[in-house]
Amino acid sequence: MEKWWQQQVVYQIYPRSFQDSNGDGMGDIPGITSRLDYLQALGVGVVWLSPVYASPGDDNGYDISDYCAIDPQFGTMEDMDTLLQEAKARNIRIVMDLVVNHTSTSHEWFQKSRRRIPPYTDYYIWQPGKNGKKPNNWTGFFGEDCWVYDEIRGEYYLHLFAKSQADLNYHDANVIEEVKSVMRFWLDKGVSGFRCDVINVLYKDSLASSRKRLILTGREHYLTLPGTHAILHELRRDVLSGYDCFTVGETCFVTPKEGRDLCEPERGELDMIFNFEHMETDQYFVKWFHRKFSPRRLGEALARWQTALTWSAVYLENHDQPRSVSRFGDDGRFHDESAKMLCTLLLSLRGTPYIYQGQELGMTNFDYTSMDQLDDVESKNIDRLLKRLGFPAAVRWRKMRHSSRDNARTPMQWTDAPNAGFTTPDAAPWLGVNANHARINAQAQMADERSVWHYYKEMLAFRAASPVLRKGDFTLLAATDALFAFSRSYAGERMIVLCSFCKEAQTVPYRGEICIDSYAKSTFDGVLQPYEAVILKEGEA
Ligand code: TEU
0 MEKWWQQQVV YQIYPRSFQD SNGDGMGDIP GITSRLDYLQ ALGVGVVWLS
50 PVYASPGDDN GYDISDYCAI DPQFGTMEDM DTLLQEAKAR NIRIVMDLVV
100 NHTSTSHEWF QKSRRRIPPY TDYYIWQPGK NGKKPNNWTG FFGEDCWVYD
150 EIRGEYYLHL FAKSQADLNY HDANVIEEVK SVMRFWLDKG VSGFRCDVIN
200 VLYKDSLASS RKRLILTGRE HYLTLPGTHA ILHELRRDVL SGYDCFTVGE
250 TCFVTPKEGR DLCEPERGEL DMIFNFEHME TDQYFVKWFH RKFSPRRLGE
300 ALARWQTALT WSAVYLENHD QPRSVSRFGD DGRFHDESAK MLCTLLLSLR
350 GTPYIYQGQE LGMTNFDYTS MDQLDDVESK NIDRLLKRLG FPAAVRWRKM
400 RHSSRDNART PMQWTDAPNA GFTTPDAAPW LGVNANHARI NAQAQMADER
450 SVWHYYKEML AFRAASPVLR KGDFTLLAAT DALFAFSRSY AGERMIVLCS
500 FCKEAQTVPY RGEICIDSYA KSTFDGVLQP YEAVILKEGE A
C-alpha cells in the first residue's frame, strides 16, 4: 500500500529567507501562510519547515533554546496554529525540523546543567580536561575542535557543530524522554512528521581520542552506532507509531548498508533518509576542496542509492547546499534548459522528492563579491581556518562562492521589485537578494507558460498521475558525462528518462512516445538538445 508520504512531493522552506510580512527584513510565519496558495498552485502536498523555534540564531535556528516556543522574529504560536490550519485547508501537511543532537547553550537545560541542577546535571556531554588540555582530539563539522571549557561548571562540554550547539547526552535516560515530549507536543498540534537533523550522530559510545583524520576525527565513536538505532526504534515505538506521520533522517557519512539499517520498514526506525553521496561527487573529502563536476559520478551515485533502499528521500538542493542549476547545470546560457532538466531528473526518481524553495524558479548561487556579505557560521569558521592555514584571500573566496551554504539562503525571488518582493523595498534583508531577481522571479515565471516554474508544475502533476514514476522500479541505462538515462517500470509499463548534461546536441539510442519533453517537442527523433530532458513511454532503438 502506497503511503501518503510516498505519493507527495515535499517543499522545503527556509523561513528566514522565504517571505517577510512585517518589513523587518527577516522571513516569518505569517509570510509563509501568505504564500500557501502559491505552493498549492505548484502542486506540493507537504512542507518541511526549517526551524522556527526560539533560538539565538547562531546557526540560523539549528541552535534551539526552546523546542516548544516560536522565535519572536518568526511570529507567535498563534501564527503557527494559523499556518497549520490554513495549510490543512489546502491539503498541505507540515513537517517540522527535529534538531535533537544538540541544543543551544542558551537552552534552560544547558543553563541548569552547567550549574549541576538536577535532573539536568548530565543532559550534556561534560568532561574534565586531561592534564589541563581538552578531553580528546575530536574535530567537528564546522572546522573547529569540539570542546569548550565552561567556567561555571569547571568542565568542558562537547559540541560537534558550532560552539553554542552543545551535544545532548543520550546516556542520561531523561534526555530521550524530553525528546519524546517535544515530539508529542508538535504531533498533537497537527504536524505530520519530522525531518531529523544529523540524526545518525546522536549516540556517542566513547569519548576516547582516536586516529587523526582529515575530517571529523573521532567519528567512529558516534557515526550510525547501535545506540542510535536503539534511540530511533524507541522514538518510533513510543511516539511516532501513534500518529499518521513520517520521519526523514538527515544522515551523513552512511553507506548503503547503514542506510538500509536506518530506514528499511521492518526495522521500525526512520521512514526515509537523505544520503549525501551524490552531493559529494564534486568534491575531494570535503566540499571546500572542489572537484570538477562530473555528471557520470553524479548519475552513478544516484543510481546506487536508487536500488539500495526500498524507499528514499531524493533531493538536489537544501539550505546547506549550493544551488543545483549553478552546480550541476549551466546557470548562464542554458539556465532554463538545465533547470528544467534537473526538475525532470528529480521528479522521475524513485522515492519522495524534495524541492528546496526557489529551485522551482532555477534560483542560482549568490552574486556577492566579498566575505562581509556572508552570514553563515560555517562559512565564517572555515574562512578563518583556511586563513590560519595560509590560504590566500582570493582562493578562500573562490571556495566560498562554490560551497558556502549562503548560496542557498539568499531571499526568495518573488518579483522584480527592489528586494524581490521578499521584504518591503526599503527594508534591509538579513542576507542580500541576488540581483538576477530582475530576470528570475516567481511573478514573471508564473505569467510565462514556458518558464521553469510552469515546467515544475507540469512535472508535479505528471508524477502525481503516474504510478510508474511514483511506484516503479528503477534501472540505470546510462551514466556518462553527457547523459543520465534510466527507466522506471511498474505493472508492465515502462518509462525511459533521458537527461542531457551536455552543452551540445547528442544522439542517443532510445526511441518512444514522448510523455514530457523539456523542449516541448511532440516527437523524439533520437537527438537530445543541450540539457534537454525527455520522458518516453517504452521503446529502445
Ligand atoms: O546539517 C548537518 C550537516 O551535516 C551539515 O552541516 C553539513 O555538514 C554541512 O552543511 C555541509 O557542508 C544540519 C543542518 O542541515 C545544518 O543547517 C545545521 O547547521 C547542522 O545540522 C547543525 O544543526
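Numbering (numbering that gives the first Met the number 0), first residue to last: 0 to 540. Note that CB positions come from ideal geometry on N, CA and C, so glycine has one too.
Can you name the residues that DSSP bridges to residue i?
{"i": "C195", "result": "L97, G248"}
{"i": "Y489", "result": "E492"}
{"i": "R92", "result": "V45"}
{"i": "H289", "result": "Q282"}
{"i": "C541", "result": "The structure shown does not extend to residue 541, since the chain is modelled only from 0 through 540, so no value can be given for it."}
{"i": "M271", "result": "V247"}
{"i": "P352", "result": "V313"}
{"i": "S103", "result": "Q164"}
{"i": "I214", "result": "Its beta-bridge partners do not exist; DSSP assigns none."}
{"i": "Q126", "result": "Y155"}
{"i": "I439", "result": "According to DSSP, which records beta bridges pairwise, I439 is partnered with nothing at all."}
{"i": "T138", "result": "D144"}
{"i": "I12", "result": "L48"}
{"i": "D149", "result": "E154"}
With H, G and I counted as helix, E and B as strand and the rest as coil, what does DSSP make of residue i?
{"i": "Q39", "result": "helix"}
{"i": "K132", "result": "strand"}
{"i": "E154", "result": "strand"}
{"i": "I534", "result": "strand"}
{"i": "E414", "result": "First, the amino acid is wrong: residue 414 is Thr here, not Glu. If DSSP states are grouped into helix, strand and coil, T414 belongs with coil."}
{"i": "P55", "result": "coil"}
{"i": "L475", "result": "strand"}
{"i": "C342", "result": "helix"}
{"i": "G229", "result": "Correcting the residue type first, residue 229 is Ala in the shown sequence and not Gly. Helix."}
{"i": "E512", "result": "strand"}
{"i": "I381", "result": "helix"}
{"i": "W304", "result": "helix"}
{"i": "Q7", "result": "coil"}
{"i": "T506", "result": "strand"}
{"i": "V526", "result": "strand"}
{"i": "Y454", "result": "helix"}
{"i": "A68", "result": "strand"}
{"i": "Q320", "result": "coil"}
{"i": "I63", "result": "coil"}
{"i": "H277", "result": "helix"}
{"i": "H334", "result": "helix"}
{"i": "V238", "result": "coil"}
{"i": "H170", "result": "coil"}
So, at 6 Å on beta carbons, what are the nonlocal neighbours of residue i in its own chain, with the 5 sequence-adjacent residues on each side left out?
{"i": "I534", "result": "M494, V496, C514, I515"}
{"i": "F184", "result": "C67"}
{"i": "L344", "result": "C498"}
{"i": "E512", "result": "K536"}
Excluding sequence positions up to five away, which residues of its chain have a Cβ less than 7 Å from the Cβ of residue i?
{"i": "K179", "result": "L234, D237, V238"}
{"i": "Y202", "result": "Y169, Y221, L224, G226, T227, I230"}
{"i": "K286", "result": "S402"}
{"i": "A161", "result": "D57, D58, D62, F141, V376"}
{"i": "A338", "result": "V324, G328, G361, V451"}
{"i": "A622", "result": "Outside the displayed span of the chain (0 to 540) sits residue 622, for which this structure offers no information."}
{"i": "V174", "result": "Y122, L167, N168"}
{"i": "G24", "result": "T422, A426, A427, P428, W429"}
{"i": "W108", "result": "T102, Y119, Y122"}
{"i": "Q320", "result": "M278, A407"}
{"i": "Y518", "result": "Q528, E531"}
{"i": "G22", "result": "T422, T423, A426"}
If I measure Cβ to Cβ from residue i and keep anything under 8 Å in the same chain, skipping five residues before and after, which residues do I get?
{"i": "L38", "result": "Y10, V46, R89, I91"}
{"i": "R114", "result": "I151, R152"}
{"i": "K129", "result": "N135"}
{"i": "E143", "result": "K162, N380, L384"}
{"i": "E1", "result": "R469, K470"}
{"i": "E85", "result": "T32, L35"}
Answer yes or no: the CB of residue i versus the heavy atoms of the ligand GTP, is any distance below 7 Å?
{"i": "Q84", "result": "Of the ligands one can find in the structure shown, namely the ligand TEU, none is the ligand GTP."}
Three or more C-beta pairs under 8 Å: does that hold for the segment 459-469 against the segment 341-350? Taking 8 Å as the limit for Cβ pairs, the verdict is that the segment 341-350 does touch the segment 459-469.
At least three beta-carbon pairs within less than 8 Å, the segment 38-50 to the segment 76-94: yes
Segment contact, 8 Å Cβ cut-off, at least three pairs: the segment 266-277 with the segment 299-306: yes
Taking one C-beta from the segment 132-147 and one from the segment 62-73 each time, how about it: are there three or more such pairs within less than 8 Å? no
Between the segment 420-431 and the segment 351-363, do three or more beta carbon pairs fall short of 8 Å? no
Contact between the segment 405-418 and the segment 432-446: three or more CB pairs below 8 Å? Enough Cβ pairs lie closer than 8 Å, so yes.
At least three beta-carbon pairs within less than 8 Å, the segment 364-383 to the segment 454-464: Per the Cβ contact rule, the segment 364-383 is not in contact with the segment 454-464 (fewer than 3 Cβ pairs under 8 Å).
Meets three-Cβ-pair contact criterion under 8 Å: the segment 254-263 and the segment 186-193: no
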